[in-house]
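Structure, as structure tokens:
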Amino acid sequence: MSEVDKSQMSEAELAQHEKEEFEKGPLSVLTKAVRSNAQVFINCRNNRKLLARVKAFDRHFNMILEDVREFWTEGTRAGKGKTKSKPVNKDRFISKLFLRGDSVIIILPNPSQATAQ
Numbered sequence: 001m002s003e004v005d006k007s008q009m010s011e012a013e014l015a016q017h018e019k020e021e022f023e024k025g026p027l028s029v030l031t032k033a034v035r036s037n038a039q040v041f042i043n044c045r046n047n048r049k050l051l052a053r054v055k056a057f058d059r060h061f062n063m064i065l066e067d068v069r070e071f072w073t074e075g076t077r078a079g080k081g082k083t084k085s086k087p088v089n090k091d092r093f094i095s096k097l098f099l100r101g102d103s104v105i106i107i108l109p110n111p112s113q114a115t116a117q
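Numbering (UniProt numbering), first residue to last: 1 to 117.
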């Protein structure tokens, strides 16, 4: 669709444009995940990763997630003059989570499910 001022569009044209954005654009990954109840992998700005099922989302990438597994790495602090200790991988389960869209870097279909298909 050519770049037309959205204020010039009718309600039907706006609805059609929004549908195309959700079906073919970057939001299509989330649309497919909601319809198929598939997991997605989300990389966040706080350097944490989420593996979750998307229940709902909006155009700002705000999401309601279920069955969330959160992964992150922590470096334990060494005392003064001691060598750095090795980083420790941690994870936790969260049953329901609201994720604000401005913290999202990238969303991918679950890599393990994608290779199985």
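Think of the CB as a built atom: it goes at the ideal place given N, C-alpha and C, for glycine as much as any other residue. Since the model is a prediction, treat every value here as computed from it, not as a measurement.
| query | result |
| --- | --- |
| Where E70 and K19 are concerned, what is the direct C-alpha to C-alpha distance, given to the nearest angstrom? | 31 Å |
| On the DSSP bridge list, what partners appear for G75? | P87 |
| Between I42 and I105, what straight-line distance do the alpha-carbon atoms span, to the nearest angstrom? | 7 Å |
| Exposed or buried, which one is I94 when buried takes at least 16 other CB atoms within 10 Å? | exposed |
| Please state whether DSSP places A52 in a helix, a strand or coil. | strand |
| Which residue comes first and which comes last in the beta strand (DSSP E) that contains L108? | 104-109 |
| Where V34 and V40 are concerned, what is the direct C-alpha to C-alpha distance, given to the nearest angstrom? | 10 Å |
| I'd like the list of long-range same chain contacts for S103, defined as Cβ closer than 8 Å, with 5 residues on each side in sequence excluded. | C44, R45, N46 |
| Can you tell which of K96, S85, F61 has the C-alpha that lies nearest to the C-alpha of A52? | K96 |
| If distances are taken between C-alpha atoms only, which option among H60, E74, V29, N37 comes closest to L99? | H60 |
| How would you label L14, buried or exposed, when you count the other beta carbons within 10 angstroms and need 16 or more for buried? | exposed |
| Whole angstroms is fine: what's the gap from G30's alpha carbon to V68's? | The sequence given here places Leu at residue 30; Gly does not occur at that position. Each residue's alpha carbon lies about 15 Å from the other. |
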